[in-house]
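Just so you know, the protein sequences line up as chains A and B, in that order.
For the first sequence, the working numbering gives the first residue as 20, with consecutive numbering after it.
For the second sequence, the working numbering gives the first residue as 20, with consecutive numbering after it.
Quick reminder that beta carbons are idealized off the backbone N, C-alpha and C, glycines included.
2 protein chains.
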Amino acid sequence: MRIPIDRQSDTPLYRQIEKFLREGILSGNLAPDTRLPATRKLARDLGVNRITVGNAYAELEADGLICSQVGSGTYVLPPWQIQPAPGAEAVGPWPLWQQDLRRRGDTSKRDLILKLLSESQHPDPISFAGGVSDPQRFPVDEFRKVIQNVMRRDGITALEYGEVRGYAPLRGTIAHILASQGVQISPDNILITAGSQQAISLVTQFLLKQGDVILVESPTYSDALGLFADLGLKIIGIPVDEDGMQVEQLEGLLLQHHPKLIYTIPNFQNPSGTCMSGQRRRRLISLADRHNVPILEDDYVGDLRYEGRAQPALKALDPGGRVIYISTFSKMLMPGLRVGFLAAEGPVYDSLANFKSFNDLTTSNLIQRALEDFVTVGRYQAHLRRSCQVFRKRRDAMMSAIHDYMPRDTQVFAPQGGLFAWLRLPDNISCDKLFPYAVEEGVSFSPGTFFFPEGSSNENFMRLNFSKQTPEKIQEGMMRLRKAIDHMAPWAG
Amino acid sequence: MRIPIDRQSDTPLYRQIEKFLREGILSGNLAPDTRLPATRKLARDLGVNRITVGNAYAELEADGLICSQVGSGTYVLPPWQIQPAPGAEAVGPWPLWQQDLRRRGDTSKRDLILKLLSESQHPDPISFAGGVSDPQRFPVDEFRKVIQNVMRRDGITALEYGEVRGYAPLRGTIAHILASQGVQISPDNILITAGSQQAISLVTQFLLKQGDVILVESPTYSDALGLFADLGLKIIGIPVDEDGMQVEQLEGLLLQHHPKLIYTIPNFQNPSGTCMSGQRRRRLISLADRHNVPILEDDYVGDLRYEGRAQPALKALDPGGRVIYISTFSKMLMPGLRVGFLAAEGPVYDSLANFKSFNDLTTSNLIQRALEDFVTVGRYQAHLRRSCQVFRKRRDAMMSAIHDYMPRDTQVFAPQGGLFAWLRLPDNISCDKLFPYAVEEGVSFSPGTFFFPEGSSNENFMRLNFSKQTPEKIQEGMMRLRKAIDHMAPWAG
Numbered sequence: 020m021r022i023p024i025d026r027q028s029d030t031p032l033y034r035q036i037e038k039f040l041r042e043g044i045l046s047g048n049l050a051p052d053t054r055l056p057a058t059r060k061l062a063r064d065l066g067v068n069r070i071t072v073g074n075a076y077a078e079l080e081a082d083g084l085i086c087s088q089v090g091s092g093t094y095v096l097p098p099w100q101i102q103p104a105p106g107a108e109a110v111g112p113w114p115l116w117q118q119d120l121r122r123r124g125d126t127s128k129r130d131l132i133l134k135l136l137s138e139s140q141h142p143d144p145i146s147f148a149g150g151v152s153d154p155q156r157f158p159v160d161e162f163r164k165v166i167q168n169v170m171r172r173d174g175i176t177a178l179e180y181g182e183v184r185g186y187a188p189l190r191g192t193i194a195h196i197l198a199s200q201g202v203q204i205s206p207d208n209i210l211i212t213a214g215s216q217q218a219i220s221l222v223t224q225f226l227l228k229q230g231d232v233i234l235v236e237s238p239t240y241s242d243a244l245g246l247f248a249d250l251g252l253k254i255i256g257i258p259v260d261e262d263g264m265q266v267e268q269l270e271g272l273l274l275q276h277h278p279k280l281i282y283t284i285p286n287f288q289n290p291s292g293t294c295m296s297g298q299r300r301r302r303l304i305s306l307a308d309r310h311n312v313p314i315l316e317d318d319y320v321g322d323l324r325y326e327g328r329a330q331p332a333l334k335a336l337d338p339g340g341r342v343i344y345i346s347t348f349s350k351m352l353m354p355g356l357r358v359g360f361l362a363a364e365g366p367v368y369d370s371l372a373n374f375k376s377f378n379d380l381t382t383s384n385l386i387q388r389a390l391e392d393f394v395t396v397g398r399y400q401a402h403l404r405r406s407c408q409v410f411r412k413r414r415d416a417m418m419s420a421i422h423d424y425m426p427r428d429t430q431v432f433a434p435q436g437g438l439f440a441w442l443r444l445p446d447n448i449s450c451d452k453l454f455p456y457a458v459e460e461g462v463s464f465s466p467g468t469f470f471f472p473e474g475s476s477n478e479n480f481m482r483l484n485f486s487k488q489t490p491e492k493i494q495e496g497m498m499r500l501r502k503a504i505d506h507m508a509p510w511a512g
Numbered sequence: 020m021r022i023p024i025d026r027q028s029d030t031p032l033y034r035q036i037e038k039f040l041r042e043g044i045l046s047g048n049l050a051p052d053t054r055l056p057a058t059r060k061l062a063r064d065l066g067v068n069r070i071t072v073g074n075a076y077a078e079l080e081a082d083g084l085i086c087s088q089v090g091s092g093t094y095v096l097p098p099w100q101i102q103p104a105p106g107a108e109a110v111g112p113w114p115l116w117q118q119d120l121r122r123r124g125d126t127s128k129r130d131l132i133l134k135l136l137s138e139s140q141h142p143d144p145i146s147f148a149g150g151v152s153d154p155q156r157f158p159v160d161e162f163r164k165v166i167q168n169v170m171r172r173d174g175i176t177a178l179e180y181g182e183v184r185g186y187a188p189l190r191g192t193i194a195h196i197l198a199s200q201g202v203q204i205s206p207d208n209i210l211i212t213a214g215s216q217q218a219i220s221l222v223t224q225f226l227l228k229q230g231d232v233i234l235v236e237s238p239t240y241s242d243a244l245g246l247f248a249d250l251g252l253k254i255i256g257i258p259v260d261e262d263g264m265q266v267e268q269l270e271g272l273l274l275q276h277h278p279k280l281i282y283t284i285p286n287f288q289n290p291s292g293t294c295m296s297g298q299r300r301r302r303l304i305s306l307a308d309r310h311n312v313p314i315l316e317d318d319y320v321g322d323l324r325y326e327g328r329a330q331p332a333l334k335a336l337d338p339g340g341r342v343i344y345i346s347t348f349s350k351m352l353m354p355g356l357r358v359g360f361l362a363a364e365g366p367v368y369d370s371l372a373n374f375k376s377f378n379d380l381t382t383s384n385l386i387q388r389a390l391e392d393f394v395t396v397g398r399y400q401a402h403l404r405r406s407c408q409v410f411r412k413r414r415d416a417m418m419s420a421i422h423d424y425m426p427r428d429t430q431v432f433a434p435q436g437g438l439f440a441w442l443r444l445p446d447n448i449s450c451d452k453l454f455p456y457a458v459e460e461g462v463s464f465s466p467g468t469f470f471f472p473e474g475s476s477n478e479n480f481m482r483l484n485f486s487k488q489t490p491e492k493i494q495e496g497m498m499r500l501r502k503a504i505d506h507m508a509p510w511a512g
């Protein structure tokens, strides 16, 4: 075999030999099963050291291009039609399985909105969008010190795997907080999760399979709808009025659709801000029990109440094992902490803990320990009281700005707590179409269509998050929103 | 209506009235649709203020026991057969749906082992169990300072939701590290996850549904097996030899079972410690491509190599979109951090990012930012070099202790890297049965049965994690293990 080698080159000789052979094999010039010369022979042919040839062969063999069999020589292997790695320039064609992926949770509208927001030229935009309360209210410095203390105190333990169910002292604190809200749950029935989103996801993926029916309030939390759609569930909506889910319609839907789960947000429902009445709560539990359907109760801001009397949590009315309760520190504290929890009784608790361990082993131990140190019951309730004071004023500012600036026929659910005002604009105003006008004016909101199960078209709803902005900003933002409406639909005023 | 009230009692009058009516309603003495007296009338009857009666009625109404209709009076509602909340003493009977829960991932053996370990009386146990490397090697103080700096630098931003795909600078760092290992991936094709376990879970749950077939190496990573079983997948195993998965058997299995995914650990396979040969890697990709099956490549410790030449990652050989690559910082750094990642190209990347956002919105932003600050490419590689030096010595100590203390017929795969030695003891030694003897002697290991798909009984295998213990402890631990074997099976020596 004659291989052109260049003794003046910077490329080592063995690399030159390897390269030549590699190109021959990949191009097919050296056909599969071709026997290569023995190293001794090729070394003599080329006038190089035998080790040089051996190194070249070793590289090719390691890459699966040739194969040396003791006693019988070295052979070219079939190239298996492999192309070199494409790097970042890779473009299709993608394999067939990639061309046929499920894509049930439609995010095109969300993506469009994020694009509009990111392209906004406004120097001082005011956001009533999103589900997060005011980050400026979180005591970052205090929390930083808590993390320091925990790392000094616990050392490496804080960075090892923690318990599957979650850090036991934090589960104890959560049980205390729940008890102060009338929910009696043992810490052994609490499972700490990566935010309440993971809790929703675990429960749904564990209890339901593709094609199963889930009952939800209509409208409801958009990222729960997205999850359910992405899992291929059939989503059936129950309308909401001032007293929350219209439980009167439940039995008919249970008989018709045989759902595997009822997902409900009884307090300050997202997005409508309504609270389920006590009577409906009892009736809901009774019906779910009779029809053998589990209830997933999402109590994401149940204690952010500004006035009126709290209803008992569904979990507090649960005769045992009927309701899976979930909540979170994300809304009250900081969303980036990613710590929420679920509470469940009966065999489903162990099954969910087990399923969680297979999903992500454990939730960040360090953050759990820091939270446990940070969130005493007293501090939690003090923070809650202050939050209620601040947010009540913002709610009031939002209500009066809605009255002052929105078109005459606008309907609004006046929320007694939580983060959101839910508006129904006159029928001829599409909030989807309004959105780009609003962004241009420097204000944003969540279009109502995000919150309805697919197929319901309710384009004249919008959700306004009043908790992030000061009363002054609320006033200014709503003026801008009015300008956007006048711009798009001057007849509406 | 005559209600006995006690004016000397500490219980407020309205509470006494409420209690009396509540008991009447719940006992059925006050039947549904009974009309209650008007507040004015009952107040006069009882000689109390009308507001007192109004408050009692309001409480009952809020709890859904009565209902007042303007103009027509106040009525008792049907009680909906609700029992009071049972508190922590709740015992069944659980609702039917709870009695019929799937429980596919069998954890009874894992639970038993954890129980044995927790009950161990040994004063100084030595663990070769678990999949974690030595926590003492992690620079806790350095990491603590990094977290401080990040919180000072980024303030509240570090505690807000981050980007769905993960913190962009960290994705950049990961892309650099991957490039240094020969894998060319754009940061835009990297998705940061809560450890590699979440990456496995997302890919599997997104691409497969209950009843689908997954091909895995046999043996393989136990928590992946647990996940697959819990998801109701059909698990088909391909045997492993010194060169990793026996890809020669793959085509037959593909034709017979039509799997939807191939899960493989090509480097330092868990538990066997073997590396897939270059030829098999190419053949695997080629076959998967021809049969339109995605490959999930779990490269959990691919760069912990103590000797020999690294094979290219499957991802580096991927002609585009065939391989989903996952890895983690957990093994190299600290498992409690819960940060791993996947790399994928083609439409599946966006789908997985979307699916992840519905699963837990985002991964802890603070920890991602701290990692990004902490893990420069240079520091990572320095840490890697030191780890390799330390672990190589431990591997050598383990190999010689196996030679010195294990029964004569023991087979061992000599690993060129990674964390594990994989032993096959003589056929008549069950490692499941050996485990309690070993714990009694003060040593533990992972029984081999954890790592085989259900149905394969290979009780004479065991996995030893050598990376957690010093050479001296390894020597001592293996002496103890020998004692346990002699205790249980004196004939085996």
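State the Cα-Cα distance for the pair residue i and residue j, rounded to the nearest angstrom.
| i | j | result |
| --- | --- | --- |
| residue 449(A) | residue 479(A) | 5 Å |
| residue 21(B) | residue 72(B) | 13 Å |
| residue 198(B) | residue 275(B) | 37 Å |
| residue 464(B) | residue 133(A) | 51 Å |
| residue 311(A) | residue 116(B) | 6 Å |
| residue 222(B) | residue 372(B) | 10 Å |
| residue 295(A) | residue 440(A) | 16 Å |
| residue 288(B) | residue 324(B) | 12 Å |
| residue 343(B) | residue 303(B) | 14 Å |
| residue 488(A) | residue 235(B) | 52 Å |
| residue 135(B) | residue 461(B) | 11 Å |
| residue 216(B) | residue 246(B) | 9 Å |
| residue 359(A) | residue 501(A) | 37 Å |
| residue 141(A) | residue 147(A) | 15 Å |
| residue 76(B) | residue 38(B) | 11 Å |
| residue 65(B) | residue 408(A) | 39 Å |
| residue 126(B) | residue 378(A) | 14 Å |
Looking at the structure shown, is residue i part of a helix, part of a strand, or coil, going by DSSP?
| i | result |
| --- | --- |
| residue 227(A) | coil |
| residue 467(B) | helix |
| residue 279(A) | coil |
| residue 54(A) | strand |
| residue 304(B) | helix |
| residue 86(B) | strand |
| residue 31(B) | coil |
Less than 8 Å between the beta carbons of residue i and residue j, yes or no?
| i | j | result |
| --- | --- | --- |
| residue 250(B) | residue 313(B) | no |
| residue 269(B) | residue 244(B) | no |
| residue 496(B) | residue 482(B) | no |
| residue 79(B) | residue 40(B) | yes |
| residue 201(A) | residue 332(A) | yes |
| residue 241(A) | residue 470(A) | yes |
Select from the options the residue whose C-alpha is nearest the C-alpha of residue i.
| i | options | result |
| --- | --- | --- |
| residue 177(A) | 384(A), 161(A), 87(A), 33(A) | 384(A) |
| residue 431(A) | 507(A), 444(A), 458(A) | 444(A) |
| residue 55(A) | 91(A), 196(A), 67(A) | 91(A) |
| residue 264(B) | 231(B), 284(B), 418(B) | 284(B) |
| residue 131(A) | 166(A), 415(A), 451(A) | 451(A) |
Just checking my contact of residue i with residue j at CB under 8 Å: how many whole Å lie between their CB atoms?
| i | j | result |
| --- | --- | --- |
| residue 412(A) | residue 210(A) | With 8 Å as the limit, residue 412(A) and residue 210(A) do not qualify as a contact, their Cβ atoms being about 36 Å apart. |
| residue 81(B) | residue 328(A) | 6 Å |
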